[in-house]
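Numbering (my numbering), first residue to last: 367 to 884.
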Amino acid sequence: MNNQSLENKLVPIPDRREMLCAETPGGPCGVVVFGASGDLAKRKLYGSLFELYRRRLLNDRFYCVGCGRTALTNEAFREMVSQSLGNRDSEEVRKFVDRFSYLSGDYSDPVLYQGLRTAMTEADRRWSVSGRRIFYLSVPPTLYETIANALGSSSLAQPAVTPDPEAPILILEKPFGRDLDSAIGLNSVLRRHFEESQIYRIDHYLGKETVQNILMFRFANAIFEPIWNRNYIQQVQITIAETVGVEHRSGYYDQTGAMRDMFQNHMLGMLALVAMEPPVAFAAEAIRDERVKLLRSVRPMRCQPWATDIVRGQYGSGAIDGQPVSGYRQEPDIGKDSRTETFVAARAWIDNWRWKDVPFFMRTGKRMSRKVTEIAIAFRPVPHSMFASVGLDNLPPNVLVLKIQPQEGIRMSFQAKRPGSKVCMSTLSLDFTYRDLFGAEAPESYQRLLLDAMTGDPTLFLRQDDIEVAWSLVTPILRAWENDASIPAEYPAGAESFPDADAMIHGSGFGWRRLSEM
Ligand code: BG6
367 MNNQSLENKL
377 VPIPDRREML
387 CAETPGGPCG
397 VVVFGASGDL
407 AKRKLYGSLF
417 ELYRRRLLND
427 RFYCVGCGRT
437 ALTNEAFREM
447 VSQSLGNRDS
457 EEVRKFVDRF
467 SYLSGDYSDP
477 VLYQGLRTAM
487 TEADRRWSVS
497 GRRIFYLSVP
507 PTLYETIANA
517 LGSSSLAQPA
527 VTPDPEAPIL
537 ILEKPFGRDL
547 DSAIGLNSVL
557 RRHFEESQIY
567 RIDHYLGKET
577 VQNILMFRFA
587 NAIFEPIWNR
597 NYIQQVQITI
607 AETVGVEHRS
617 GYYDQTGAMR
627 DMFQNHMLGM
637 LALVAMEPPV
647 AFAAEAIRDE
657 RVKLLRSVRP
667 MRCQPWATDI
677 VRGQYGSGAI
687 DGQPVSGYRQ
697 EPDIGKDSRT
707 ETFVAARAWI
717 DNWRWKDVPF
727 FMRTGKRMSR
737 KVTEIAIAFR
747 PVPHSMFASV
757 GLDNLPPNVL
767 VLKIQPQEGI
777 RMSFQAKRPG
787 SKVCMSTLSL
797 DFTYRDLFGA
807 EAPESYQRLL
817 LDAMTGDPTL
827 FLRQDDIEVA
837 WSLVTPILRA
847 WENDASIPAE
857 YPAGAESFPD
867 ADAMIHGSGF
877 GWRRLSEM
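Shown next, in the form of structure tokens:
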């Protein structure tokens, strides 16, 4: 080999990764938001659309029609949208809200949909949109079937039998049904008017940067996969703790509870990403197939008084950040005898080769002492401590923490020598946070999800079989709780856990990670 060819071999391949960071802007589209004056639209949707607009990711040929029961003029609606952006009085905001118009009416009244058709035709012309129409259901789930049927009968929606990038799409938020049967029933109504490929079911946790990073972390690094299994991992803990109570959503929450609100979707979604097998490609169906396969291998959780893998609690009065707060049953519009759970703690076993006998502990609750979401992977302790002779026989295991919020990042703890005495050892951590490294907070998950819907990428949305397998895991537990007349165990607001949850994890020989130390 001459020098020239040797050099050629050693020239580094140019790093294409920067190029891949460029985001694909959305195509031309008209977005219809049902529930346009509602809470979710104001808190999340308009701000996310505006950020996409500011970042030039929203196509110039874009408009939004808001629909709601509240009577509003176009001007009042635009004012409401700009207020939801923090009332930024700028040319940019004015140009953005100029694309918004509003229609009020009853969601079951065909007149609303005739008006919608006219409004969209006008907006299509004004903003030169001939592309995709997106119907976003930001309404209570009880209205999903009504709106989907009305879109179908007014011919605003129809199933795209062959793949068509311009076919209308439907975006909807969880909960998708209240149990397995109702989820199947809802889907059969949606499928009369939309193909599966036209339905984008949001789990906003999948839009979080650090949740997506689980895939990169696991499958773009060679060092983790070989130890990502029962031979090296002793237990996994997934925590989604919130300090808020029911806020102003008593009506919704009291009918829903933590199991349906957080566990069936966000919690099982994170479990699937952290435990699934490597997908064959970074492609929607390949990733969704693995998520579903993993959830199918979760062993049914036991819920008998004598053997339980899942327990529920309800917050009582207590204090959060030093401020007194009332208990769940004293919250406005919550019944004094409500049995709704605000905390769920579970132990899951995954019956496959990779995870046999590794417990996955999960907990999610409202009114806990800190807002924190993380996945902690605890490795097995060293098999033998050579430091036992100097009194260090119980060495803490290495723990890898995928921090989802509030400080998004990754931390790995390990044992190391401290300067000083020959055997001075302590637990240190390798830590990085997204903010320190990338200099910015991760973008709001709705930005990612809206943009993906506009570009027709369903990877971060739930497929119907994903939803059904999750419901089939939790429905038997919901049934058992419905048939149990007792009120869930009370934990004081501001707590980290409660005795039943502690007993469950202690029964496996472990303890919950302390929220204050996360
Ligand atoms: C929602 C639940 O899906 O997630 C809420 O309905 C919960 O009850 C919220 O507060 C938590 O989301 P995040 O992104 O703040 O962790």
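Heads up, the beta-carbon is just placed ideally off N, CA and C, and yes, glycines get one too.
Measuring straight from C-alpha to C-alpha, what distance separates residue i and residue j?
{"i": "Phe590", "j": "Ala744", "result": "13 Å"}
{"i": "Val748", "j": "Asp569", "result": "38 Å"}
{"i": "Ser755", "j": "Gln781", "result": "17 Å"}
{"i": "Met778", "j": "Asn849", "result": "43 Å"}
{"i": "Leu839", "j": "Phe629", "result": "11 Å"}
{"i": "Gly684", "j": "Gly877", "result": "23 Å"}
{"i": "Ala714", "j": "Glu539", "result": "26 Å"}
{"i": "Tyr412", "j": "Phe428", "result": "13 Å"}
{"i": "Asn760", "j": "Lys783", "result": "15 Å"}
{"i": "Leu660", "j": "Phe443", "result": "44 Å"}
{"i": "Leu552", "j": "Leu509", "result": "11 Å"}
{"i": "Pro961", "j": "Val495", "result": "The structure shown has nothing for residue 961, since the chain only spans 367 to 884."}
{"i": "Pro785", "j": "Ile599", "result": "30 Å"}
{"i": "Gly518", "j": "His559", "result": "5 Å"}
{"i": "Asp490", "j": "Ala836", "result": "39 Å"}
{"i": "Glu389", "j": "Ala673", "result": "49 Å"}
{"i": "Gly682", "j": "Glu707", "result": "11 Å"}
{"i": "Ser663", "j": "Ala861", "result": "32 Å"}
{"i": "Arg705", "j": "Asp620", "result": "9 Å"}
{"i": "Ser874", "j": "Glu575", "result": "32 Å"}
{"i": "Pro525", "j": "Ser563", "result": "9 Å"}
{"i": "Leu826", "j": "Val397", "result": "19 Å"}
{"i": "Thr512", "j": "Arg460", "result": "34 Å"}
{"i": "Glu834", "j": "Asn631", "result": "11 Å"}
{"i": "Leu536", "j": "Arg544", "result": "20 Å"}
{"i": "Gly693", "j": "Glu608", "result": "15 Å"}
{"i": "Pro698", "j": "Ser616", "result": "7 Å"}
{"i": "Gln773", "j": "Phe727", "result": "21 Å"}
{"i": "Arg746", "j": "Gln603", "result": "14 Å"}
{"i": "Leu546", "j": "Asp627", "result": "15 Å"}
{"i": "Asn515", "j": "Ile565", "result": "14 Å"}
Comparing the CB of residue i with every heavy atom of the ligand BG6, is any distance shorter than 6 Å?
{"i": "Asp832", "result": "no"}
{"i": "Asp627", "result": "yes"}
Near residue i, which residues of its chain fall below 7 Å by C-beta distance, leaving aside the five closest residues on each side in sequence?
{"i": "Ile580", "result": "Leu639, Val640, Leu768"}
{"i": "Trp493", "result": "Arg427, Phe428, Tyr429, Arg465"}
{"i": "Arg654", "result": "Arg829, Asp832"}
{"i": "Arg450", "result": "It should be pointed out that residue 450 corresponds to Ser in this sequence rather than to Arg. Closer than 7 Å at the Cβ level, and outside the excluded window around Ser450, lie Lys408, Tyr412, Gly413."}
{"i": "Asn440", "result": "Ser467, Tyr468"}
{"i": "Arg483", "result": "Ser520, Leu522"}
{"i": "Gln601", "result": "Val724, Pro725, Phe727, Ala744, Phe876"}
{"i": "Asn955", "result": "The question about residue 955 has no answer here: the residues shown for the chain are numbered 367 through 884."}
Return the chain-ordered list of same chain residues with a C-beta closer than 6 Å to the C-beta of residue i, the five sequence neighbours on each side being excluded.
{"i": "Val414", "result": "The question names Val, but residue 414 is Ser in the sequence shown. For Ser414, where only same-chain residues beyond five positions count, the Cβ hits under 6 Å are Glu810, Tyr812, Gln813, Leu816."}
{"i": "Ser863", "result": "Trp878"}
{"i": "Val447", "result": "Tyr412, Val463, Phe466"}
{"i": "Lys702", "result": "Arg695"}
{"i": "Gly623", "result": "Thr706, Glu707"}
{"i": "Ser787", "result": "none"}
Any heavy atom of the ligand NAP within a distance shorter than 6 Å of the CB on residue i?
{"i": "Glu883", "result": "As for the ligand NAP, it is missing from this structure, which binds only the ligand BG6."}
To which residues of the same chain is residue i closer than 8 Å at the C-beta, ignoring the five residues directly before and after it?
{"i": "Phe583", "result": "Phe590, Leu768, Ile776"}
{"i": "Asp472", "result": "Arg435, Leu478"}
{"i": "Phe585", "result": "Glu591, Pro644, Pro645"}
Write down every uninterrupted run of the beta strand (DSSP E) in the region 553-610 whose length is 3 residues or greater and which is fully enclosed by it, in chain order.
-> 565-568, 599-607
Inside the region 705-732 only - beta strand (DSSP E) runs reaching at least 3 residues | 709-714, 726-731
3-residue-minimum beta strand (DSSP E) runs that sit fully inside the region 479-527, ordered along the chain = 498-503
Whole beta strand (DSSP E) runs in the region 767-793 with 3 or more residues, listed along the chain?
-> 775-783
Complete runs of the beta strand (DSSP E) confined to the region 415-463 [at least 3 residues] | Listed in chain order, they are 428-434.
What are the complete alpha helix (DSSP H) segments, minimum 4 residues, inside the region 635-720?
-> 650-662
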